[in-house]
Amino acid sequence: MSGTVEFERHDAQPVNSARLRRPLYAARRKIFPKRASGPFRTFKWLVMAVTLGIYYLTPWIRWDRGPHAPDQAVLVDIANRRFYFFFIEIWPQEFFLVAGLLVMAGLGLFLVTSTVGRAWCGYACPQTVWVDLFLVVERAIEGDRNARIRLDQGPWTARKLALRSAKHATWVAIAVATGGAWIFYFADAPTLLADFAAGKAAPVAYATVALLTATTYVFGGLMREQVCTYMCPWPRIQAAMLDEHSLTVTYNDWRGEPRSRHAKRAAAQGLETGDCVDCNACVVVCPMGIDIRDGQQLECITCALCIDACDGVMDRLGRERGLISYATLVDYNANMALATGNGAHPVRPSLVRDGAGRIADAVAHFRPKKLFRPRTFIYFGGWSLIGLLLVYGLLTRDRLEINVLRDRNPQYVVLSDGSIRNGYTVKLLNKIPEQRSVTVALAELPGATMSVVGLDHVEGDTVAVTLEPDRARSLKIYVRQARGHGDGQGRTQRLVFRVTDPASLDAAAYVTSFERPETNR
Ligand code: SF4
Ligand code: SF4
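If you want my numbering, it's the 1-based position in the sequence shown plus 513.
As structure tokens, this is what we get:
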């Protein structure tokens, strides 16, 4: 039997066809940023000098705290569990101050991002600062953009080998200095430097320097913009913090388009052209290798170097600066509506200019008062509140503390004379850099006396103790309640340890419990 077999043909292409599949990873295309000049570049030089200066020099600043404390102004003293910051000394129990500072830093970042966009990325992020530093070295050795491109594309000659060797050697030296500076924050810098050079430092110091040298060299010299684009989570997070009133680096196509390299010829033909002369000056200075004229992009770190480059071009052409500028989306949209007749036609630059050819008054410009809006007030309010609480906590924190741990096993001991004894570990913290004598006293437990292991004293309800400067002292104390006291008041009774410095009147107390059998034997 014969017949026609019917089946359906589908008009489809495999989405992940092996034939069409593109490689998952694309090779990095090198970027050769040209040196920019202008106010934003100058500001970036300043930020770079200040941030690098702080990082490299801070461990070498001395701060006299007396004979009993280190004289390094900023020190994370892991061995003694202290953090020193000039006149502030933070004990582990006060780590809430550091946590508060971190929260403030986070809120500060939110505040900055919601007002001036990715200013952190463009100016102060360590990746940006070190890439800038590495670029300074690269330009000094290999020349500016065109010379570097020629060198890169040229064959390997003795000159190229020498230049590349010098560049990478300088980069490695900077990377070593960067890793080296980091470990100086964790020990006395001059001593550690001498030990390090003599090969006597702890292995962890060498390992840390090696790790930071490698990351600085690779991230700052080799990976550069890839770190920002592919590795850093901040570009993604910050999208949630930006709104239509946040400042971002913007190409103002409402006055730049239609762009033309031959404006005079176009004018002779009666064609309208915008201010952009398509010179690509903004493109060649961009360290991220993007064209801001394509609009907002995740890669843009808002370093504003394209603003400097374009302003230079506008100056030479005798036109107003600001073809690329910091602008809010609200202002941009308003100006775009003006230039396009609310979207009725493509950009007509004449609509944003007055009769004299100047930018019209109707054009919206950024005003600083636009920074003051509910979101920024909330961030600033939260930031200020935490700051005030931290200052209050710092000014009112205790300089004398007591912590008590009651023995759990045994809970109590009934002595031969019928009295009850509990054991305690009492930790006294003297947070000033001077020795002092304090008294430890028992309170609220009737008939209580104490004896301190290792102290030569008469058993009573008070004992005098000497505390070393800036140190904690641990005491083993046995508290005894005489027979007949506390009977019928329950198995657990309240006991307070009080420590007092009669000289400074510093005092602290710790409430604990005293355990005993239900009925005295
Ligand atoms: S587009 Fe401009 S602001 Fe953005 S990264 Fe490039 S140069 Fe910097
Ligand atoms: S620098 Fe200014 S004029 Fe030149 S291409 Fe960029 S936006 Fe256009």
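Don't be surprised by glycine CBs; every beta carbon is placed ideally from N, CA and C.
Rounded C-beta distance between Arg658 and Lys547? I'm assuming under 8 Å. 4 Å
Contact between the segment 975-982 and the segment 918-930: three or more CB pairs below 8 Å? no
Between the CA atoms of Leu735 and Glu494 - distance to the nearest angstrom: Any answer about residue 494 is impossible in this case: the structure gives the chain only from 514 up to 1034.
Closer than 8 Å to a non-hydrogen atom of ligand 2 - does that hold for the CB of Ala822? yes
On the DSSP letters alone, give me the boundaries of the beta strand (DSSP E) that Ser1026 sits inside. Ala1020 to Glu1028 is the extent of the beta strand (DSSP E) around Ser1026.
Residue from Arg993, Ser897 and Arg910 with nearest C-alpha to Ser929: Arg993
Nearest-angstrom Cα separation, counted from Thr1013 out to Val951: In this model, Val951 and Thr1013 are separated by some 5 Å (Cα to Cα).
So Ser987 is in the beta strand (DSSP E); what residue range does that whole segment cover? Arg984 to Gln994
Could you spell out where the alpha helix (DSSP H) holding Gln1006 opens and where it closes? Where Gln1006 is concerned, there is no enclosing alpha helix (DSSP H), although the beta strand (DSSP E) it sits in stretches over Thr1005 to Thr1013.
Could you check the C-alpha separation between Val876 and Cys799 for me, to the nearest Å? 27 Å
Below-9 Å beta-carbon distance, Tyr730 vs any chain C residue: Looking at the structure shown, chain C is missing, and only one protein chain is on hand.
Within its chain, find whatever has a CB closer than 6 Å to the CB of Thr726; leave out the 5 residues flanking it on each side and keep chain order. Once the five neighbours on either side are set aside, the close Cβ partners of Thr726 are Ala688, Val689 and Gly692.
Output needed for Leu884: all residues of its chain with C-beta closer than 7 Å, excluding positions within five of it in sequence on either side, in chain order. For Leu884, where only same-chain residues beyond five positions count, the Cβ hits under 7 Å are Thr628.
Could you spell out the range, first to last residue, of the beta strand (DSSP E) harbouring Ser838? Ile837 to Ala840
Label Met744 either buried or exposed according to how many other C-beta atoms from any shown protein chain fall within 10 Å of its C-beta, with 16 as the threshold for buried. In summary, Met744 is exposed, with fewer than 16 beta-carbon neighbours lying within 10 Å of its beta-carbon over all protein chains present.
How long is the line joining the alpha carbons of Leu646 and Ala682, rounded to whole angstroms? Between the alpha carbons of Leu646 and Ala682 lies a distance of about 14 Å.
Assuming Ile801 contacts Glu812 under a Cβ cut-off of 8 Å, what Cβ separation, rounded to an integer in Å, is found between them? The question names Ile, but residue 801 in the sequence shown is Met. Between Glu812 and Met801 the Cβ distance is about 5 Å, and since that is below 8 Å, they are a contact.
I'd like to know if the segment 950-968 and the segment 998-1016 are in contact, where contact means that at least 3 CB-CB pairs between them fall below 8 Å. yes
Leu836 CB to nearest heavy atom of ligand 2 below 8 Å: yes
Is DSSP giving Tyr730 helix, strand or coil here? helix
Is Pro1030 closer than 9 Å to Tyr905 when the C-beta atoms are compared? no
In this structure, does DSSP put Phe596 in helix, strand or coil? strand
Would you decide whether Met514 is buried or exposed? Buried here means 16 or more other CB atoms lie within 10 Å of its CB. Below a pLDDT of 50, predicted positions are generally treated as unreliable, and Met514, at 47, falls in that range; no measurement from the model is reported.
Unbroken beta strand (DSSP E) runs of length 3 or more, entirely within the segment 883-959: which are they? 913-919, 933-943 and 949-956
Counting only the same chain and skipping the five closest in sequence on each side, list residues whose C-beta sits under 7 Å from that of Tyr568. Ala694
So, is Pro552 buried or exposed, given that buried needs 16 or more other C-beta atoms within 10 angstroms? exposed
Rounded to the nearest angstrom, what separates Asp604 and Phe596 at their Cα positions? Note that residue 604 is Trp in the sequence shown, not Asp. Those two C-alpha atoms are separated by around 7 Å.
Pull up the distance between the alpha-carbon of Ala715 and that of Lys673, whole angstroms please. Roughly 39 Å between the two C-alpha positions.
Using 9 Å as the threshold, is the C-beta distance between Trp576 and Phe599 below it? The Cβ atoms of Trp576 and Phe599 lie closer than 9 Å to each other.
Residues of its chain near Ala780, where Cβ-Cβ distance is below 8 Å and the 5 sequence neighbours each way are ignored: Counting only Cβ-Cβ distances below 8 Å, and skipping sequence neighbours, we find Thr786.
Quick test of your reading: Val843 and Cys792, contact by CB under 8 Å. State the CB separation rounded to the nearest angstrom. Going by Cβ atoms, the distance from Val843 to Cys792 rounds to 29 Å, so no, they are not a contact pair.
Just how far apart, CA to CA, sit Thr742 and Thr853? Between Thr742 and Thr853, the alpha-carbon positions lie close to 33 Å from each other.
Tell me which residue opens and which closes the beta strand (DSSP E) that Met963 is part of. Ala961 to Val965
Since Ala817 and Val762 should fall inside the 8 Å C-beta cutoff, what is the C-beta to C-beta distance between them, to a whole number of angstroms? 6 Å
Quick check on DSSP: helix, strand or coil for His591? His is not the amino acid found at residue 591; the sequence shown has Ile there. The answer is coil: DSSP assigns Ile591 none of H, G, I, E or B.
Keeping to the same chain, check which residues put their C-beta closer than 7 Å to that of Arg888; ignore five residues upstream and five downstream. Ser627 and Asp756
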